[in-house]
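Data first, discussion second: the structure below is written as structure tokens.
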């Protein structure tokens, strides 16, 4: 059962916590974003502290994402990159799909219209990459710098990401004479006080966070891969390391201003 | 020809941005012996109100033997109006330390505070060197982009397929230093 951890580490050296996360979650894939630690150093720590099988899948650029894997059968070689995305082949069982790592443009320097335009451009690009790589589907993972309810996330020409599995069962919807594939966004289930974990992945009461909590770190599942999706959770603990402060928010003094997320997939549909 | 004729417009040479890009595509094909290809993907981006506002041509370089691709720049213009046309470089994400040249704002620190206290704001004209009003200007800009060092690095990375072991992270971009979420 492939387990993928994504964490925006806020440009800090959190290597001991990354290793603890890898151990406690039994992660097969670790993706770090906004990272300044050389991949050689992280890889060495993962091999020594967690599992000697960890390796760095082939990539052409490490501007945004640092990816480490311990299961060769998953693939994860980079097949395309741009300044804000990295597309990797992802083999789940016998299905050839893509894992697209995303870092959306930030809230402070870009207005909603610009972020919406970014979502549309990237979404069109995803369609191109799927066709180019003859992939069955794609899983989008990253810091989108948008909430699941922002227009860019759910517009048809944007990421077209819906709240529930049943919402995406039709596969696609039509908008201005074009068909757009649906994505399932399971992050909707993790909002607010009634969820089992924290109410979001980022807490900010300044201009960036009018809601207090935001769910900027997300995973979106292409409708064709929904049956492979098992679970997503927001992590607040890595063995003895507490990633949250006394108020229950991300502890940016000791860890990062983002909580990590853990995505679990099945090797077979409906496993 | 009359001196009232606008400079930079040659009637014999009126081409749309996509036609000029296709010419570049042929050039890359012949110069790389078919190993590298320029791939042009045209997409439409809607405005907030649902009206179509812009056309974007995503320009990728493709390494044909491996099927690996990298986006090198994007060309943007209004729908049904190919000029003015702008080139958005991927290089913009590079931290200043990795750029051969860059410009910074003249106003910083206390000057910006004084400006807000005085209630005055000096207008600054920002020149976007990547906007072209004519095919001739677009052609010139395109030639400049293809000779940028970031694009040459991307080609090298694409062909080699992996980063050398000693490669270190790029560090913070200017945008991130201002507090990216």
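Protein chains in written order, with my numbering: chain A, 1 to 271; chain B, 1001 to 1181.
Glycine included, every Cβ here is placed at the ideal spot set by N, Cα and C.
> Closer than 9 Å, Cβ to any Cβ of chain A: which residues of the segment 1062-1087 of chain B, in chain order?
Replying inline: 1062, 1066, 1067, 1068, 1069, 1070, 1071, 1072, 1074
> Where does the unbroken beta strand (DSSP E) through residue 155 of chain A begin, and where does it stop?
Replying inline: What you label residue 155 of chain A is simply residue 155 of the first chain in a count that begins at 1. Annotation: residue 155 of chain A is outside any beta strand (DSSP E) and is labelled neither H nor E by DSSP.
> If we cut at 8 Å on Cβ distances, does residue 31 of chain A have a partner in chain B?
Replying inline: Here the question's residue 31 of chain A lines up with position 31 in the first chain. No, residue 31 of chain A does not count as interfacial toward chain B.
> What's the gap between the Cα of residue 193 of chain A and the Cα of residue 199 of chain A?
Replying inline: Counted from its first residue, the first chain places residue 193 of chain A at position 193. Counted from its first residue, the first chain places residue 199 of chain A at position 199. The alpha-carbon atoms of residue 193 of chain A and residue 199 of chain A are separated by roughly 6 Å.
> Do the segment 132-139 of chain A and the segment 76-95 of chain A touch if we need at least three Cβ pairs shorter than 8 Å?
Replying inline: By the Cβ rule, the segment 132-139 of chain A counts as touching the segment 76-95 of chain A, because three or more pairs are nearer than 8 Å.
>> Contact defined as beta carbons within less than 8 Å: I believe residue 197 of chain A pairs with residue 236 of chain A. What is the distance between those atoms, to the nearest angstrom?
In response: Taking the first chain and counting its residues from 1, the one referred to as residue 197 of chain A is at position 197. Taking the first chain and counting its residues from 1, the one referred to as residue 236 of chain A is at position 236. Taking 8 Å as the upper bound for CB-CB distance, residue 197 of chain A and residue 236 of chain A are in contact here, some 7 Å apart.
> In chain order, what residues of the segment 75-87 of chain A put their CB closer than 8 Å to some CB of chain B?
Replying inline: 78, 79, 80, 81, 82, 83, 84
> What is the DSSP secondary structure of residue 1022 of chain B, reduced to helix, strand or coil?
Replying inline: The count along the second chain starts at 1 and reaches residue 1022 of chain B at position 22. Looking at residue 1022 of chain B - three-state DSSP - the assignment turns out to be helix.
>> Does residue 1011 of chain B pass the burial test, meaning 16 or more other C-beta atoms within 10 Å, or should it be called exposed?
In response: In the second chain, counting from the first residue as 1, residue 1011 of chain B sits at position 11. It counts as exposed.
> Within 8 Å (strictly less), CB to CB, does residue 255 of chain A reach chain B?
Replying inline: Translated into positions along the first chain, residue 255 of chain A becomes position 255. The C-beta of residue 255 of chain A comes no closer than 8 Å to any C-beta of chain B.
>> Could you check whether residue 52 of chain A and residue 37 of chain A sit closer than 8 Å to each other, using their CB atoms as the reference points?
In response: Taking the first chain and counting its residues from 1, the one referred to as residue 37 of chain A is at position 37. Taking the first chain and counting its residues from 1, the one referred to as residue 52 of chain A is at position 52. Result no, Cβ atoms of residue 37 of chain A and residue 52 of chain A do not sit closer than 8 Å.
>> Are the CB atoms of residue 116 of chain A and residue 142 of chain A within a distance shorter than 8 Å?
In response: The count along the first chain starts at 1 and reaches residue 142 of chain A at position 142. The count along the first chain starts at 1 and reaches residue 116 of chain A at position 116. Cβ distance not < 8 Å, so residue 142 of chain A and residue 116 of chain A don't count as in contact.
>> On the CB-based measure, 16 or more other CB atoms within 10 Å of its CB, does residue 1068 of chain B come out buried or exposed?
In response: Walking along the second chain from the start, residue 1068 of chain B turns up at place 68. Looking at its Cβ environment, which holds 16 or more other Cβ atoms inside 10 Å, residue 1068 of chain B is buried.
> Residues in the segment 94-128 of chain A with C-beta within 8 Å of chain B's C-beta atoms, listed in sequence order?
Replying inline: 106, 107, 108, 109, 112, 113, 116, 117, 120, 121, 124, 125, 128
> alpha helix (DSSP H) containing residue 1141 of chain B: first to last residue?
Replying inline: If you number the second chain from 1, residue 1141 of chain B lands on position 141. Segment 1135-1146, the alpha helix (DSSP H) holding residue 1141 of chain B.
> Would residue 61 of chain A count as contacting chain B if we go by Cβ distances under 8 Å?
Replying inline: Taking the first chain and counting its residues from 1, the one referred to as residue 61 of chain A is at position 61. So yes, residue 61 of chain A belongs to the interface.
> Hey, does residue 157 of chain A have any beta-carbon neighbour from chain B nearer than 8 Å?
Replying inline: Locating residue 157 of chain A in the first chain gives position 157, counting from the first residue. So yes, residue 157 of chain A belongs to the interface.
>> Could you compute how far the alpha carbon of residue 118 of chain A sits from the alpha carbon of residue 1003 of chain B?
In response: Position 118 of the first chain, counted from the first residue, corresponds to residue 118 of chain A. Position 3 of the second chain, counted from the first residue, corresponds to residue 1003 of chain B. Roughly 44 Å separates the two Cα atoms.
> So residue 184 of chain A packs on residue 228 of chain A, CB below 8 Å; how close in whole Å?
Replying inline: Translated into the one-based positions of the first chain, residue 184 of chain A becomes position 184. Translated into the one-based positions of the first chain, residue 228 of chain A becomes position 228. No, residue 184 of chain A and residue 228 of chain A are not in contact; Cβ-Cβ is about 11 Å, not under 8 Å.
> Contact check, residue 190 of chain A vs residue 234 of chain A under 8 Å by CB: the rounded distance?
Replying inline: The count along the first chain starts at 1 and reaches residue 190 of chain A at position 190. The count along the first chain starts at 1 and reaches residue 234 of chain A at position 234. Contact between residue 190 of chain A and residue 234 of chain A holds, since their C-beta atoms are separated by about 6 Å, short of 8 Å.
> Taking buried to mean at least 16 other C-beta atoms within 10 Å of its own C-beta, is residue 181 of chain A buried or exposed?
Replying inline: Position 181 of the first chain, counted from the start, is the residue given in the question as residue 181 of chain A. Under this definition residue 181 of chain A is a buried residue.
> Cα separation between residue 1155 of chain B and residue 166 of chain A?
Replying inline: Taking the second chain and counting its residues from 1, the one referred to as residue 1155 of chain B is at position 155. Taking the first chain and counting its residues from 1, the one referred to as residue 166 of chain A is at position 166. Answer to the nearest angstrom: the Cα atoms are 43 Å apart.
> Roughly how many angstroms separate the alpha carbons of residue 2 of chain A and residue 48 of chain A, rounded to a whole number?
Replying inline: The sequence position of residue 2 of chain A within the first chain is 2, counting from 1. The sequence position of residue 48 of chain A within the first chain is 48, counting from 1. Between residue 2 of chain A and residue 48 of chain A, the C-alpha separation is close to 21 Å.
>> So residue 1037 of chain B contacts chain A; which residues on that side make the cut at Cβ distance below 7 Å?
In response: The sequence position of residue 1037 of chain B within the second chain is 37, counting from 1. The contacting residues do not exist; residue 1037 of chain B stays about 12 Å from chain A at best.
>> Just to confirm the assignment, what range does the alpha helix (DSSP H) spanning residue 132 of chain A have?
In response: What you label residue 132 of chain A is simply residue 132 of the first chain in a count that begins at 1. Segment 112-132, the alpha helix (DSSP H) holding residue 132 of chain A.
> Going by beta carbon distance, what residues of the same chain come within less than 6 Å of residue 29 of chain A, once the five residues before and after it are set aside?
Replying inline: In the first chain, counting from the first residue as 1, residue 29 of chain A sits at position 29. Answer for residue 29 of chain A: 4, 69, listed in chain order.
> Who are the neighbours of residue 1045 of chain B on chain A, taking C-beta pairs under 7 Å?
Replying inline: Within the second chain, the letter at position 45 stands for residue 1045 of chain B. Simply 117, 120, 121.
> Hey, is residue 132 of chain A's beta-carbon within less than 8 Å of any beta-carbon in chain B?
Replying inline: Working through the first chain from its first residue, we reach residue 132 of chain A at position 132. By this cut-off, residue 132 of chain A is an interface position.
> What do you reckon, are the CB atoms on residue 10 of chain A and residue 252 of chain A nearer than 8 Å?
Replying inline: Position 10 of the first chain holds residue 10 of chain A. Position 252 of the first chain holds residue 252 of chain A. Yes. Within cutoff.
> DSSP on residue 281 of chain A, reduced to helix/strand/coil?
Replying inline: Nothing can be reported for residue 281 of chain A, as the shown portion of chain A is limited to 1 through 271.
> Which bits of chain A does residue 1041 of chain B rub up against, with CB to CB less than 7 Å?
Replying inline: The count along the second chain starts at 1 and reaches residue 1041 of chain B at position 41. Within chain A, the residues whose beta carbon sits less than 7 Å from that of residue 1041 of chain B are 128, listed in sequence order.
>> So for residue 211 of chain A, helix, strand or coil by DSSP?
In response: The count along the first chain starts at 1 and reaches residue 211 of chain A at position 211. Of the three classes helix, strand and coil, the one that applies to residue 211 of chain A here is coil, per DSSP.
> Mapping DSSP to helix, strand and coil, what is residue 1130 of chain B?
Replying inline: Within the second chain, numbered from 1, the residue matching residue 1130 of chain B stands at position 130. In the structure shown, residue 1130 of chain B sits in coil (DSSP, three-state: anything other than H, G, I, E or B).
> Under the rule that 16 or more other beta-carbon atoms within 10 Å means buried, what is residue 1144 of chain B, buried or exposed?
Replying inline: Translated into the one-based positions of the second chain, residue 1144 of chain B becomes position 144. Counting Cβ neighbours within 10 Å, residue 1144 of chain B comes out exposed, since fewer than 16 surround it.
> What do you get for residue 65 of chain A, buried or exposed, if any count of 16 or more other CB atoms within 10 angstroms of its CB means buried?
Replying inline: Stepping through the first chain from its first residue, residue 65 of chain A is reached at position 65. Residue 65 of chain A should be labelled buried.
> Three-state secondary structure (DSSP) at residue 1159 of chain B?
Replying inline: Along the second chain, read from residue 1 onward, the residue named residue 1159 of chain B stands at position 159. In this structure, residue 1159 of chain B counts as helix in the three-state DSSP scheme.
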